Structures are given as structure tokens and as C-alpha cells.
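Novice: Those sequence lines, one after another, are chains A and B. Counting in this note's numbering, the first sequence runs from 104 upward without gaps. Counting in this note's numbering, the second sequence runs from 5 upward without gaps. All C-beta atoms, glycine included, are put in the ideal place defined by N, C-alpha and C. Source: prediction; values computed, not measured.
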Amino acid sequence: GDSVTQMEGPVTLSEEAFLTINCTYTATGYPSLFWYVQYPGEGLQLLLKATKADDKGSNKGFEATYRKETTSFHLEKGSVQVSDSAVYFCALGIGNEKLTFGTGTRLTIIP
Amino acid sequence: GAVVSQHPSRVICKSGTSVKIECRSLDFQATTMFWYRQFPKQSLMLMATSNEGSKATYEQGVEKDKFLINHASLTLSTLTVTSAHPEDSSFYICSARVTSGGGQIFGPGTRLTVL
Numbered sequence: 104g105d106s107v108t109q110m111e112g113p114v115t116l117s118e119e120a121f122l123t124i125n126c127t128y129t130a131t132g133y134p135s136l137f138w139y140v141q142y143p144g145e146g147l148q149l150l151l152k153a154t155k156a157d158d159k160g161s162n163k164g165f166e167a168t169y170r171k172e173t174t175s176f177h178l179e180k181g182s183v184q185v186s187d188s189a190v191y192f193c194a195l196g197i198g199n200e201k202l203t204f205g206t207g208t209r210l211t212i213i214p
Numbered sequence: 005g006a007v008v009s010q011h012p013s014r015v016i017c018k019s020g021t022s023v024k025i026e027c028r029s030l031d032f033q034a035t036t037m038f039w040y041r042q043f044p045k046q047s048l049m050l051m052a053t054s055n056e057g058s059k060a061t062y063e064q065g066v067e068k069d070k071f072l073i074n075h076a077s078l079t080l081s082t083l084t085v086t087s088a089h090p091e092d093s094s095f096y097i098c099s100a101r102v103t104s105g106g107g108q109i110f111g112p113g114t115r116l117t118v119l
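#1: Give me the chain A residues within the contact set of B/Leu47, using Cβ-Cβ distance strictly less than 8 Å, ordered along the chain.
#2: Report the three-state DSSP secondary structure of A/Glu166 (helix, strand or coil).
#3: Based on the DSSP output, what are the partners of B/Phe71 in its beta bridges?
#4: Which residues in chain A have a C-beta closer than 7 Å to the C-beta of B/Gln108? List them in chain order.
#5: State the Cα-Cα distance for the pair A/Glu118 and A/Ser186, rounded to the nearest angstrom.
#6: For B/Phe38, go through chain A and note every residue whose CB falls closer than 9 Å to its CB, in chain order.
#7: Taking contact to mean at least 3 C-beta pairs separated by less than 8 Å, is the region 130–140 of chain A in contact with the region 152–166 of chain A?
#8: If you count every other CB in all the chains shown that lies within 10 Å of the CB of B/Leu19, and 16 or more means buried, which is it?
#9: Can you check whether the C-beta of B/Ile97 is within less than 8 Å of a C-beta belonging to chain A?
#10: Could you name the residues of the region 120–143 of chain A whose beta carbon sits closer than 8 Å to any beta carbon of chain B, in the order they occur along the chain?
#11: For A/Val183, name the three-state secondary structure that DSSP assigns.
#12: Mapping DSSP to helix, strand and coil, what is A/Glu200?
#13: How about B/Leu83: is its C-beta nearer than 8 Å to some C-beta of chain A?
#14: Leaving out five residues on either side along the sequence, give the residues of the same chain with a beta carbon under 8 Å from the beta carbon of B/Thr36.
#15: Less than 8 Å between the beta carbons of B/Val23 and B/Thr84, yes or no?
#16: One question on the structure: do B/Ser9 and B/Arg28 come within less than 8 Å of each other, judged by their Cβ atoms?
#17: By DSSP, does B/Glu91 sit in helix, in strand, or in coil?
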């Protein structure tokens, strides 16, 4: 079945550091890929998405490229801020079917 | 942009009572909504898929008589936790399917505490 494997946390970085959170997937079809962010006590917010191979999703300084050859969708940001502290979920969806989530990565940025 | 709201955001109830959680799509119609449960520091677990005007589809291991889902209109789905017990305490999140480009829009979640 479809699955998402996500870098285990927690991840702690200093402000302005470079961030990478790894995400790989297995899917029988042609999935869309997503990164969601969850701030404490809140629901999930869509951070970025890519719907086909080689697409790059970007938002708020975060980027992720859909790599079909490595079945990956790694999340990156060049310079993190304290406000980026949250839990990040990688997910895949095929067509309009339900989403399959990774386990989440807790990110803490220290000033 | 499209927004999904949930009500209440937080509820505390006594064991044995029933609790209803509402999930609304604001300014758009949602023919399909999803209900998730999230335990502390864990990922989301899909409970059921709610389709407007039809019965919900439950995931394996989820008791449909325990977690009643009603999707009576294109903007409202409700989850009722019947005869709640302390082990039902959790964070419940709903979402609405996005028709273009895939993905889902999530509500802010409801924290249920059963005493």
C-alpha cells in the first residue's frame, strides 16, 4: 500500500540555520505530495504541494521538489526563524482519495 | 481562501455522556469531509470519510456505532462520540477535500477530555 516515511525528530536548530526534513514515499499510482504544518494546539495548515514529478512547491521560504527517481519530497528552508517551530507532516494523495501521512517531525528553533 | 471551522474547540465531559463536534466549510461546498484523531505527539489517524447525503466510510478498527458521523449538508459534517470514556480523550480534526489539485483543508481541531 501507499506509505510515507519521514525523518524522525525532534529536530532542534539555531535561528538562521539551514533546514532539511527528509520525506520519501511509496505509491502504486501517481501521487500528489504535500507538506503540512501544525502549530501547538491547532489543526494542520497546508504549507506547500506538488502534483507531478519535478514540480517544486514553495511557500514562506520553504521549498520541496517532487523527485520521482528517488521517490522523495524533502522540505528545505535556507534560514529558519523561531516562528517556524512546529510539527511538519509529509503526506501523499492519489486523485481525490484520502491522504497518507508521515509520522511528523517536531522542529524547534532556538534564538 | 477556503476555511474549515470546528466547534467546539475544546470540550470536557463526564464519562458516559455523548459529545457532538461540528465541522463546517466556510464559503465553499464540501461533498467529502474526513475525520481524524490525533494522540499526543503522534500523527493523524484517519477515522472515517464522510460523504454528503450518504453513509460514512469507516476505517478498519473504528467503531461506527461509537463514532457517529452525519454529513447532512454540503457545508456541515458532525461527529458524535457516544457514551464517551476516558480513552476517547483525544484531539479530533476534520478536513474537507479540495476538488482541484488534491489535498485537504483542515479545521483547527477539537480537544475532547472525558473525565
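Specialist: On the basis of the supplied data:
#1: What sits at residue 47 of chain B in the sequence shown is Ser, not Leu. The answer, in chain order, is Phe192, Phe204, Gly205, Thr206 and Gly207.
#2: strand
#3: In the DSSP assignment, B/Phe71 forms a beta bridge with B/Val85.
#4: Leu202
#5: 10 Å
#6: Lys201 and Leu202
#7: By the Cβ criterion, the region 130–140 of chain A is in contact with the region 152–166 of chain A, since at least three pairs of Cβ atoms, one from each stretch, lie closer than 8 Å.
#8: Note on identity: in this sequence residue 19 of chain B is Ser, with Leu being the wrong assignment. The residue is exposed, with fewer than 16 neighbouring Cβ atoms inside 10 Å.
#9: Closer than 8 Å: yes.
#10: Ser135, Phe137 and Tyr139
#11: coil
#12: coil
#13: no
#14: Thr53, Ser54, Asn55, Glu56, Ala100 and Arg101
#15: The answer is yes: Cβ separation under 8 Å.
#16: yes
#17: helix
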